[in-house]
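For reference, the structure is listed below as structure tokens.
2 protein chains.
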Amino acid sequence: MKDLLYLKDQQLKDLIEKLFIVYRDTFTDPKKILNKYSIGTAHHKVIHLVSTYEGISISELLKKLKITKQSLNRVLKDLVKLEVINFKKDEIDTRIKHVYLNEKGKKIFLEIFETQKKRIYNALLESSSDEVVNFDKVLKKIING
Amino acid sequence: MKDLLYLKDQQLKDLIEKLFIVYRDTFTDPKKILNKYSIGTAHHKVIHLVSTYEGISISELLKKLKITKQSLNRVLKDLVKLEVINFKKDEIDTRIKHVYLNEKGKKIFLEIFETQKKRIYNALLESSSDEVVNFDKVLKKIING
DNA sequence: TGGATATGTCAATATAACTTACCTATTATG
DNA sequence: CATAATAGGTAAGTTATATTGACATATCCA
Chain A
1 MKDLLYLKDQ QLKDLIEKLF IVYRDTFTDP KKILNKYSIG TAHHKVIHLV
51 STYEGISISE LLKKLKITKQ SLNRVLKDLV KLEVINFKKD EIDTRIKHVY
101 LNEKGKKIFL EIFETQKKRI YNALLESSSD EVVNFDKVLK KIING
Chain B
1 MKDLLYLKDQ QLKDLIEKLF IVYRDTFTDP KKILNKYSIG TAHHKVIHLV
51 STYEGISISE LLKKLKITKQ SLNRVLKDLV KLEVINFKKD EIDTRIKHVY
101 LNEKGKKIFL EIFETQKKRI YNALLESSSD EVVNFDKVLK KIING
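First to last, the sequence lines map onto chains A and B.
In terms of the numbering used here, the first sequence has 134 at position 134, counting the first letter as 1, and numbering is strictly consecutive.
In terms of the numbering used here, the second sequence has 122 at position 122, counting the first letter as 1, and numbering is strictly consecutive.
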């Protein structure tokens, strides 16, 4: 990054505004479907993570979501009632609970994901692979900053 | 985008997870300072927008934030009580109210922005200008999708 | 003059998070 | 083996941010 023209305050402000819009819209798109199952974005995030990290533990979920266990517990209870997740005790350390999506859960995840995917997918379709790779790279750098 | 390898579901899921993390962290960094002034992220967003779009109208704010006027009004009242914003009637159409940050507001914005900036700034410093340009391009495409 | 626009406000409700506090069960360690 | 640390659960109350619905006022435009 030699060309510091890219780092003017106004440009950073614009980027922050865009990050807000992208996040909001990405997590607003699925809301009609979430409503259908009487769940919200908090549940969606858990379903998303459990879909990506099958068998993730409760404490790993807490670290990724950065919420309190009381908050997570409410969401997990709802998902159990909705019959979309199940738990399996760790065979070695039985304190640890692993979370999985069952078939219904996987189906609902895909249904949600379809609506959420469109926005990202269409944007990436219109992008060069360089653009996509760079997009991902910068996201990673922001996260690890 | 010819190389469809970049568009596997797992990659899209990872991107969505990263968008969530980047948004959350970007708007978590300033919270210590927001606490100091007894305001929250909702107030921060308004201050941010008014800083970028000086003299923005109420209805323009509503369009950008995509919240109800009841919600916005609560936030604006708090900001008036904190004495960081003021209003000016449009000279032609007196129904329209323009919002401005006063000196205290500008100072507080900068204080908040400093903490928020670090994360983005450091990431961009470590990036090539191509990466930064592409990052911005893809964000725009996601927004306009 | 009547309809649309810009804004304000009251009341009730929902969602998702928080703090504080305390609990059990299990594993790891001195 | 005793004790600390870890993984997880739970209860009560609170806060932040948003919603819906209804209604009010002032101003502009055709």
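Glycine is no exception: its CB is placed at the ideal position from the N, C-alpha and C atoms.
Just so it is clear, the structure is predicted and the values come from calculations on it, not from any experiment.
Counterpart residues of residue i in DSSP-defined beta bridges
i: F27 (chain B); result: Answer is none; F27 (chain B) lacks a bridge partner.
i: S57 (chain A); result: A:H98
i: I85 (chain A); result: A:L101
Residue i versus residue j: straight-line alpha-carbon distance, rounded
i: H48 (chain A); j: I58 (chain B); result: 36 Å
i: Q171 (chain A); j: T94 (chain A); result: Any property of residue 171 (chain A) remains undetermined from this structure, which presents chain A solely from 1 to 145.
i: E83 (chain A); j: E60 (chain B); result: 43 Å
i: I92 (chain A); j: K66 (chain A); result: 26 Å
i: N73 (chain A); j: E103 (chain B); result: 44 Å
i: V99 (chain A); j: L19 (chain A); result: 30 Å
i: K32 (chain B); j: I39 (chain B); result: 10 Å
i: L110 (chain A); j: L62 (chain B); result: 32 Å
i: D136 (chain B); j: D90 (chain B); result: 33 Å
i: K141 (chain B); j: I21 (chain B); result: 19 Å
i: R24 (chain A); j: E17 (chain B); result: 13 Å
i: I56 (chain A); j: K64 (chain A); result: 10 Å
i: S129 (chain B); j: P30 (chain A); result: 34 Å
i: K81 (chain B); j: E131 (chain B); result: 42 Å
Candidates the options, of which the one nearest residue i by Cα
i: I143 (chain B); options: A:S128, A:A123, A:N102, A:E131; result: A:A123
i: L34 (chain A); options: A:Y23, A:I112, A:V99, A:R74; result: A:I112
i: Y37 (chain A); options: A:G145, A:K141, A:V138, A:K107; result: A:K107
i: I85 (chain B); options: B:K63, B:S51, B:E60; result: B:S51
i: L101 (chain A); options: A:K64, A:K32, A:L79, A:T41; result: A:L79
i: G105 (chain B); options: B:E91, B:F87, B:Y121; result: B:F87
i: L125 (chain A); options: B:G145, B:D90, B:I96; result: B:G145
i: T28 (chain A); options: A:K117, A:E17, A:V75, A:S71; result: A:K117
i: T26 (chain B); options: A:V133, A:L15, A:L62; result: A:L15
i: A42 (chain B); options: B:L19, B:S127, B:Q70; result: B:Q70
i: E54 (chain A); options: A:K97, A:V75, A:K13; result: A:K97
i: K13 (chain A); options: B:N134, B:E114, B:S127; result: B:E114
i: S127 (chain B); options: A:T68, A:V75, A:R24, A:V133; result: A:V133
Buried or exposed (CB count within 10 angstroms, at least 16 for buried), residue i
i: K45 (chain A); result: buried
i: R119 (chain A); result: buried
i: L139 (chain A); result: buried
i: D9 (chain B); result: exposed
i: K77 (chain B); result: exposed
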